[in-house]
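Colleague: Position one of the sequence shown corresponds to residue 24 (my numbering), numbered consecutively onward. Each residue gets a CB set at the ideal place from its N, CA and C atoms; glycine is no exception. On a predicted model such as this, the values are computed, not experimentally measured, just so you know. Got a structure here, written out as structure tokens. Questions coming.
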Amino acid sequence: MQEAFLISKGTLYYSSVPFSFSPLRSAVTELIQGIWEEYPHCARTLVRERIHANYSLTPICMGMTKVAAKRISILPEGDFQQLKHNHFANSLQMTRKRVRNFRLDKEIQSPFLLGQKQVQDYLNALTSRASGTTPVGAILVDQDHHLIAHAWSESEHNKTAHAELNLVQDLHERLGKTIKPGSTLYISLRPCAMCSAQILALCEDLSQVKIRFLNEDPGPASKNSVLYRGSDLWIRAGSPNIDITSLKESV
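Structure follows, in structure tokens:
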């Protein structure tokens, strides 16, 4: 069983999931996303506490910790259980409950061909619906450029709700789909470490998927990700073959 917890002001916030529970969910992600959903107004303070886990961390765990939390440690099972079972005033189980729904309505009911020249306008339209300090939109099309899914960021009160993560989780959990070979993922901003790991996890063959971003991320969030060649996380993920470039350069 994967387990993770953090302690804040005498309260134990914890999560536990079976191994192979989901390619996109783990004890660490359930803990972090659960806290951001359940306690949006104090989540930033809570996740500054050190997270403890009892299993080898995946790129998704490391990426989400890097972007939406602070520090994480892996403890030997005995030390992990001893610290977890010390007396605390409260013990709260965290789990991600919300499945975001980005329905395409009429577009998804019949094949909607999204031309190359329409992509930037579509991304801008999605971005206009986004919340947070850095609004972002994301689009997935199949090998024939028919629209499969879209999403936008909702990060004003939830630091994990980036556009790419919303798209991938909606695609997998509501539609039961993966990212197929031949697909192209368009994003208005280069994906961060958290979103990059989610994309990698849901791709059937990452080397056969094109990733195109409109703007570079000016901060450090995307520089150490599984989709950034030469980064630590890219190397730890096995140096996957990736086709990622600026949308402006690919035109």
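My output table needs one value for arginine 235: the three-state DSSP class, helix, strand or coil.
Modeller: strand
Colleague: When we look at the beta-carbon of threonine 156 and count the other beta-carbons within 10 Å, is it buried (16 or more) or exposed?
Modeller: exposed
Colleague: Measure the CB-CB distance between methionine 87 and methionine 217 and report whether it falls below 8 Å.
Modeller: For methionine 87 and methionine 217, yes; Cβs fall inside 8 Å.
Colleague: Exposed or buried, what is glutamine 166 when buried is set at 16 or more other beta-carbons lying within 10 Å of its beta-carbon?
Modeller: exposed
Colleague: Asparagine 77 and leucine 98 look like a contact to me (Cβ under 8 Å); what is the Cβ gap, rounded to whole Å?
Modeller: 6 Å
Colleague: Name the two residues that bound the continuous beta strand (DSSP E) containing histidine 173.
Modeller: 170–175
Colleague: I'd like to check one pair, leucine 146 with valine 191: are the Cβ atoms closer than 8 Å?
Modeller: no
Colleague: I need the straight-line Cα distance from lysine 32 to serine 96, nearest angstrom please.
Modeller: 19 Å
Colleague: Quick check on the DSSP output: what are the complete alpha helix (DSSP H) runs of length 4 or more inside the region 74–137, in order along the chain?
Modeller: You should have 82–91, 100–107, 129–132.
Colleague: Can you grab the Cα-Cα spacing for the pair glutamine 139 / arginine 197, in whole Å?
Modeller: 27 Å
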